[in-house]
Every structure is written in structure tokens, then in C-alpha cells.
Amino acid sequence: MLRTLKTVMRQDKEKFKIPKSVQQAIPIQTIWKDGIFLVGKNKYAKTYRFTDINFEVASEEDKKAMFLEYTNILNFFDCGATTKLTVIIRRLNKEELKEAVFIPKQNDRLDKYREEVNDMLMEKTVGANGMIRELYVTISVYRKNVEDARNYFLRTGNGLISHFSNLGSKCEELDAQEKLHVLYSFYRAGEESHFCFDLKTSAKLGHSFKDHICPDTMEFETDYFKVGERYGRVLYLKDYASYISDEMVSEFADINQNMMISIDIIPIPTDEAVNEAQNRLLGVETNITNWQRRQNANQNFSATVPYDMELQKEESREFLRDLTTRDQRMMVAVVTFMHTAESKKQLDADTHTILSLARNRMCQMAVLKFQQMDGMNTALPIGVRKIDSMRTLTTESLGSLIPFRTQEVMDKGGIYCGINAISHNLILVNRGLLLNPSAFILGVPGSGKSMLTKMFILLIILSTSKDQVLVYDPEGEYEPLVQALGGVSLPICAGSDIHLNAMDMVKGYGDKNPVVDKSQFVLSLYERITDDRYVIGPKEKSILDRCVERVYSRKRQYEIPTFFTLRRVLQEQDEPEAKDLALMLELFTDGTLNNFSHPTNIETENRLISFNTRGMVEDMKDLGQLVITDHMINRVSQNWENGVRTHIFLDEFHTLLQHKYSANFFDSAYRRFRKRNAWTTSLTQNVEYVLDSLTART
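Heads up, our numbering is the position in the sequence shown plus 3, with the first residue counted as 1.
Written as C-alpha cells, this is what we have:
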């Protein structure tokens, strides 16, 4: 036997004691607040949770890259410790899910819509899979005391977090309360929301932590067990196929029953593994030589070596080649499957399904006989291994049992965004948890961009009490929704009595110097109102910058700067270019398109405001979008000062990227939105404009 394996088995060997209570059946002796558990004589364990990644929907090339990165994680495991990978598949508590999804009533005129939305969410919840996957890695190691173990887990944990980060998965350590909650979810399935434990209070009262997590009863039979009112059974992977698909674990997850898949891994040092492989190869070659010698002694000089001996020789050579030239490590692993059901009949049916799936993959599974308690403790992410049914694998062979499938998005406090196509669970997104809450909605015409946006607007208004929603609506399609929710739809067009002052500036308008940002806005504005024959050159830029600064330096308390003020200042300049610039502005001051030259007359504090530009003429539409965006900056700044979050929805976003100065201005606006707690959602069907623009990609 391998020296490392012999050492591990000697350390893990314990005198068997018949448990006289359910507490004694839980193999945990002492816990520390930071999540370190004493699970044997000088054996310490710590558990880490890592998130799922979108492996199943990735391309073949990406799958290969993910697989290689996952094998790097397996190679990282320490030879002096036992590592347990655990995939927990459990059914979501319906009441807990309703509490997370449903919108509470607020006793206002919108409660009828909240009730309708909750009915829709109920249908989605009932039709959803309702199964979630939790992924854990538990490391157990023998140390003299807890301080030595804590130093080891600190070093190993940092390495684990780094390796999982390279894979795109977030890894975090569990403290004592979080790990006990995981065990509680198994022992008392269906009561997850009732878990309440405080380590300090429990220690003061002299209570055992096991009293807070243990079930009422445990019964162990020959080939199954019963925890509380639930039946369970533990199986193990008895024989492996020569080829295992990476979809094997995912197939077991589709049974839609509470299940736990654990892989206990004992890495073997490379030098010891190579010596073992060489000895095996030497033994096979010796057997072949002895067989040939016997045939020669019987005067059978033409006999060929039996196929099974040739196969053993080839496999031994390939195994040695993997260890020496392909960066593979030798792993000794135990794979256990534990599943539970509401009744014994359902349990037997699920067991038959699991055995059939294993046979379809050319693997052989078996039910543990008279070892159900040991199997249960081995499968749980506690950190003990009571089953000795070990198999020798290389890193790649073990990596085929990859635990990743699809990333679930079920954020606390999130809003409903659809159904996961792989797991069929609800998608609940809380953009506030993201590093950058800004979003794009992209799609071809007719794909449902506007419908999705309307659903977001509806859910935001119904689920919040103070958040304000601003919508740029170029086609007037949001007006019915806005009116139904009690919002204000502002039709901005030539001849309307709705005015937005393009020169407005409120406190906090710019990052440092608001006049500089307003100057950039005016440059963008002139870029929109000129045609290709007239180029805004260095002279025009200097004149506009100078005039914008003078507009605000002349400001008096009773005077509000407008386009009229800017045009008057331009006319006062001596340069002929200034006269041309003033003349260009005449259409938007004294002409028919003067909606943006008068003081703003929108004083409504409504939570939902839509800027409807459907009636705008084409000459005014580009300018209108720019002025509306500038007005949104002012509103965002005011809301930020008042502690109110702003949600901004910009339809036909690609039109903002067609001109250089406009793109730069909107880039500045986007950054200001993000800093001032405004969540921007941009809609476009012209993805090429977004991809072609460096500013938009940034």
C-alpha cells in the first residue's frame, strides 16, 4: 500500500462507538467561531463555499479552458490533507422563495397591480424547478493544536480563493454559524428559515451546538436511514468507466430530489506516485515474461501474449506517462451519493434511477450495506471520511466529475428577470450588488426589448417607495404604462408648452468644475445642430468655451441662463465665427424649435417621468435627446443630495454615439450617473454602434 495512503488510514482509524443519542451521531467535537471544526483526534476541518459557473452553455473551446483550470485546482490540493468536494442539490423552501420574490403591499392605489404581479410570480414559482445547487470544498488536516490548523487554513484558503477566481468562481470561507446552517438544512429539511444560533450565547448558557442542528430522531437500517420524517440512502461509486463524460454530475442533478454528491480526495506525492507506477509496470512486465517462459518450456514458441496482459501493460505505461510528462497527479478518491425522499417508495424509485444513470455511463454504483451512518457522515461537508472504498485516478480522470453546471442568479432583494434556461429556476437580479449597476438591453427588432424594459419599470415602481424612474421615450410606447402607474408623460415637441432649459445647472452638476462640463455639453449640442459641411474647429471651440463661461459669470440671482443668454453673449463677440454660431442658434431661440430656450417649467416630483419625443421633427430630435440627458443629470444630482436612487432608461441609445462630442458628453454623464447612485439601462438594436465605439465599450 502507498505510504501516504497508509498514513491517512492509520490516522483516520477510530474505535467504533454506538451512538446513544442523535447528538452523538454527529461527528463534530468542538467548533470555533471562524469555522474551524474539530472532527477527530487532532483532526481539524474548514469549509469553503464556491459559486457555480456557466459550464454547460459554454463553447467547446471555453469548456476545455474551464476543465484545464479546474484540474489546476485539483493539482493545488495538499498531499498532507484530505479534501472533500461536495455538491448539495436541495429544494428551495417555497415560503422562503415567496418572501424573496413577492412584492409586499403598501396600501396605496398601486396595490391592485402588486396583487396581479404576485399572481404572475406565483405561476412562475410553481412552474420553476425549485432546486438549487450549493458547492463546497472542505479541507481536513491533522495538526497539534488549533493555532497550527488556523495558520494552515489561512495559507491554503488564500490559494483556493485565487485559483477559483481564475476559473470565474467566487470562493469564500464559512464561519461556524454558516457551516452549521448548511448541516441544519440537511438534518431539518424544510425548516431552513427557522435556524437560529448564536455561539456566544450558547457558550454562556452551556448549551451544545448540536442541540440547535440535530433532528428529532435518526434510524439506521441495513440499506437506508431515516432522519426525522425523511428517508435517505447512501451509495458509492464502485467501478469507474474508462471514459466518464463531464455531464455525469449534471444528469444526477436532474432527478429533482434532495441529493448530496461528495468526492473525498487524497493526493499522492509525485515521487511516491511515480515509484508506484513504475513498480506496477515492472510487475506486469514480469508476469508477461514468466508467461512466455512457461510457454517456451512447453515447446510453444509461437504463442502470443494474452490480450489482458497487453492491455495492463499499455495502461500502466500510459499512467506512468501521465505522471511524468503531462503534469498529472495521482489521486485516491471516494465518491459517495446521498439522496433523501419523503417516503420509502419514492426513495427506492430514486435509487433505481440513480443506478440506471450510472449504468448508462458505464459506471457501477452500489448501496452501502450496514454502513449508512458512516456513509451519511462521509457525504456531509463535515470533514470526515468513514468509507474506505477508494479508487486510484489521475487528475484528468477525477476532473471529469466536474461539479459546475450553470450560474444561478437569485440575489436577495432582487427583481424577477426571467427563467434560467438550464436549471429552470427564477432569475432574481439585484443590480445594487454589482460593481457597476449599469446595463444594456440588446436585441433585434421584435425580440422584446421594450416589453422587458416595461416589466423592469413596473417592478421598480411597485417594489420601492422612493426610487425615481426617468424614461427617454422616442416613440411614445411607454405612455400607457406611465399613466397607469400614476406617472407623468411629457410630450416634448415643437409648439408644446413643455420647456426644458438646456442651460440649467443644479448643485453637484459637474465632478469638479460644472462650467467645464456644461461647455462640453454645448459643444455636443452644436455638433448636433450643424451639418457635415460646417466643421466645429479650434476657433469655434474656443469661442463657445469662452461664451459659456461668461454666461455663468454674469448670472444674477433673478436671472436664469438660457439659450437667449448664450446667443446674446455670442453676438457680443468680435469674431465672425461667433456671429455664425449665434445665427445657428436662432432657430432654437426665436424660431419654432424653442422648447429648450425657456426656463424649465417641469416642477413635478412624480416618481415616474417619461420624456416623450415622438412628435419631435427630425431636426429637433437629436438635440432633444441631448438636452433630455442633460436634464437627467440635474435630476440625478438633486436626488443624490436627497438620498434617492434614480433609475434611467434610454431607448435608441445608439443615436448618442454617432457624433464625437456627443459620445464624450454621454461618457461623462454615464460616469456621473454611476457616482450619484443612478442605475442606467440603455436599449438599442444596433449593436454595431456600441461595439465600434471605444467610449461605449468602456
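Ideal Cβ placement from N, Cα and C applies to all residues, glycine included. Here the structure is a predicted model, which is why all the values come from computation and not from measurement.
Short Cβ contact (9 Å threshold) for residue i with residue j
i                 : j                 : result
tryptophan 643    : alanine 442       : no
valine 140        : lysine 87         : yes
tyrosine 475      : threonine 687     : no
arginine 570      : glutamate 589     : yes
glycine 386       : lysine 49         : yes
glutamate 250     : glutamate 59      : yes
phenylalanine 459 : cysteine 420      : yes
leucine 350       : glycine 193       : no
glutamate 279     : leucine 5         : yes
histidine 601     : asparagine 680    : no
leucine 488       : isoleucine 106    : no
serine 172        : phenylalanine 407 : yes
alanine 256       : valine 90         : yes
alanine 103       : glycine 417       : yes
isoleucine 532    : glutamate 578     : no
glycine 38        : proline 30        : no
threonine 592     : phenylalanine 567 : yes
threonine 354     : histidine 342     : yes
asparagine 261    : isoleucine 425    : no
isoleucine 464    : glycine 435       : no
lysine 544        : leucine 526       : yes
phenylalanine 676 : methionine 623    : no
alanine 507       : isoleucine 563    : The sequence shown places aspartate at residue 507, rather than the alanine named in the question. Their beta carbons are under 9 Å apart, which means aspartate 507 touches isoleucine 563 by this criterion.
alanine 179       : isoleucine 142    : no
isoleucine 357    : valine 252        : no
leucine 41        : valine 149        : yes
tyrosine 529      : leucine 445       : no
Chain-order list of residues whose beta-carbon lies under 7 Å from that of residue i (same chain, five-residue window excluded)
i                 : result
glutamine 560     : With a pLDDT of 49 at glutamine 560, under the threshold of 50, the modelled position of this residue cannot be trusted, and the question is left open.
phenylalanine 80  : Thr86, Ile268 and Pro270
phenylalanine 656 : Ser685, Leu686 and Thr687
tyrosine 190      : Ile216, Cys217, Pro218 and Val230
leucine 124       : Val104, Phe105 and Tyr419
asparagine 597    : Phe591
alanine 382       : Val237, Met263, Ser265, Thr339 and Met341
isoleucine 291    : Val308, Met312 and Lys316
Terminal residues of the alpha helix (DSSP H) in which residue i lies
i             : result
histidine 650 : No alpha helix (DSSP H) holds histidine 650; the beta strand (DSSP E) holding it covers 649-653.
alanine 276   : 273-300
Residue i: first and last residue of the uninterrupted beta strand (DSSP E) it sits in
i            : result
valine 335   : 333-344
lysine 469   : Taken as a continuous stretch (DSSP letters only), lysine 469 belongs to no beta strand (DSSP E), as it is neither H nor E.
threonine 50 : 46-53
tyrosine 246 : Run containing tyrosine 246: none; DSSP gives neither H nor E here.
glycine 43   : 40-43
valine 228   : Residue identity check: residue 228 is phenylalanine in the sequence provided, not valine. Its beta strand (DSSP E) spans residues 228-230.
Close Cβ partners of residue i (< 6 Å) along its chain, the five nearest in sequence each way excluded
i                 : result
lysine 23         : none
valine 518        : Glu552 and Tyr555
glycine 133       : Arg94 and Leu95
phenylalanine 238 : A quick correction: the sequence has leucine, not phenylalanine, at residue 238. These residues qualify, in order along the chain: Phe340, Met368 and Val370.
serine 62         : none
glutamine 375     : Phe223, Phe228 and Val237
proline 448       : Gln688
isoleucine 430    : Val412, Cys420, Gly421 and Asn423
isoleucine 612    : Leu473 and Val491
arginine 283      : Ser319
Same chain, Cβ closer than 8 Å to residue i, neighbours up to 5 away in sequence not counted
i             : result
leucine 653   : Tyr475, Thr632, Leu659, Thr683, Thr684, Ser685 and Leu686
threonine 701 : Asp670
lysine 457    : Tyr481 and Leu484
serine 346    : Tyr234
lysine 66     : Phe58 and Asp249
Any non-hydrogen atom of the ligand ATP closer than 8 Å to residue i Cβ
i             : result
aspartate 520 : No copy of the ligand ATP appears in this structure; indeed no ligand is present at all.
* To do: Would you check if there are 3 or more beta carbon pairs closer than 8 Å linking the stretch 304-318 to the stretch 192-201?
  => Verdict: no, contact absent.
* Just checking, does the stretch 53-67 make contact with the stretch 225-232 on the three C-beta pairs under 8 Å criterion? -> no
* To do: Pick out the complete beta strand (DSSP E) segments inside the stretch 520-545, 3 residues or longer, and give them in chain order.
  => none
* To do: Check whether the stretch 324-340 touches the stretch 390-407, counting contact only when three or more Cβ pairs, one atom from each stretch, lie closer than 8 Å.
  => Counting C-beta pairs closer than 8 Å gives three or more between the stretch 324-340 and the stretch 390-407, which meets the contact rule.
* Inter-stretch contact at 8 Å, needing at least 3 Cβ pairs: the stretch 462-478 / the stretch 611-620 -> The stretch 462-478 vs the stretch 611-620: in contact.
* **Contained beta strand (DSSP E) runs [length at least 3] in the stretch 75-161, N- to C-terminal order** => 85-94 and 134-145
* For the stretch 393-401 against the stretch 322-333, are there 3 or more C-beta pairs whose distance is under 8 Å? -> The stretch 393-401 is in contact with the stretch 322-333.
* Asked: Quick one: complete beta strand (DSSP E) runs, 3+ long, within the stretch 558-624?
  -> Taken in chain order, the complete beta strand (DSSP E) segments of 3 or more residues contained in the stretch 558-624 are 611-615.
* Counting Cβ pairs closer than 8 Å, one from the stretch 67-81 and one from the stretch 158-166, do we hit at least three? -> The stretch 67-81, when compared against the stretch 158-166, does touch it at the 8 Å Cβ threshold.
* **Continuous alpha helix (DSSP H) assignments of at least 4 residues falling wholly in the stretch 174-202** => 179-190
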